[in-house]
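In my numbering, the protein residues as written are 1427 to 1551.
1) Cα separation between residue 1460 and residue 1481?
2) Mapping DSSP to helix, strand and coil, what is residue 1493?
3) Measure from the alpha carbon of residue 1527 to the alpha carbon of each residue in 1476, 1496, 1439 and 1509, then state which is nearest.
4) Determine the direct distance from the alpha carbon of residue 1428 to that of residue 1437, and round the result to whole angstroms.
5) If you count every other CB in all the chains shown that lies within 10 Å of the CB of residue 1430, and 16 or more means buried, which is it?
6) Could you check how far apart the C-beta atoms of residue 1456 and residue 1443 are, in whole angstroms? I think they sit under 8 Å.
7) Which ranges does the alpha helix (DSSP H) cover as unbroken runs of at least 4 residues, wholly within the region 1444-1484, from first to last along the chain?
8) Looking only at C-alpha atoms, which of 1529, 1499 and 1533 sits nearest to residue 1541?
9) Classify residue 1447: buried if its beta carbon has 16 or more other beta carbons within 10 angstroms, exposed otherwise.
10) Could you give the residue range of the beta strand (DSSP E) that holds residue 1504?
11) Should the region 1465-1477 be called in touch with the region 1485-1504, which here means at least 3 C-beta pairs below 8 Å?
12) Report the CB separation of residue 1536 from residue 1441 in whole angstroms; it is logged as a contact under 8 Å.
13) Can you tell me whether residue 1486 is buried or exposed? The criterion is at least 16 other CB atoms within 10 Å of its CB, across all chains shown.
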């Protein structure tokens, strides 16, 4: 399955959750619901996956955690904030670089229309 096919499923699941729950919940609630919906599709999904930093030949376990990774190809950063800003984009770019994934999705559930809260982020390896 390609990254684009996976991202379509992610969008559909996020939209379903947003329609059912609305905005204003904690990020952890949306993350759990999204994890649940993606698992129902039969996808390989991990949440809160540790992401080490490799510096020269040293592997540093410094606390980076991926909110959700789907099929080891697409990283999802779940937010519930007033507005996405540069630090959120920097976080997902860092996760993409450290994991060698090509596609990330930054999803802010705290918006009236979910399409306004989703950003696709591409890692140009």
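Glycine included, every Cβ here is placed at the ideal spot set by N, Cα and C. Quantities reported herein were computed from a predicted structural model and do not represent experimental measurements.
Checking against the coordinates, here is how it stands:
1) Rounded to the nearest angstrom, the two C-alpha atoms are 32 Å apart.
2) Looking at residue 1493 - three-state DSSP - the assignment turns out to be strand.
3) Comparing Cα positions, the closest option is 1496.
4) Going from the Cα of residue 1437 to the Cα of residue 1428 covers about 14 Å.
5) Residue burial is scored here from C-beta neighbours: residue 1430 has fewer than 16 other C-beta atoms within 10 angstroms and is therefore classed as exposed.
6) Contact between residue 1456 and residue 1443 holds: CB atoms are separated by about 6 Å, below the 8 Å threshold.
7) Segments of the alpha helix (DSSP H) lying fully in the region 1444-1484: 1453-1466.
8) Measuring from the Cα of residue 1541, the nearest candidate turns out to be 1533.
9) Under this definition residue 1447 is an exposed residue.
10) Unbroken beta strand (DSSP E) run through residue 1504: 1500-1505.
11) The region 1465-1477 is in contact with the region 1485-1504.
12) Actually they do not touch by this definition, with Cβ atoms about 15 Å apart.
13) If you draw a 10 Å sphere on the C-beta of residue 1486, you find fewer than 16 other C-beta atoms in it, and that means exposed.
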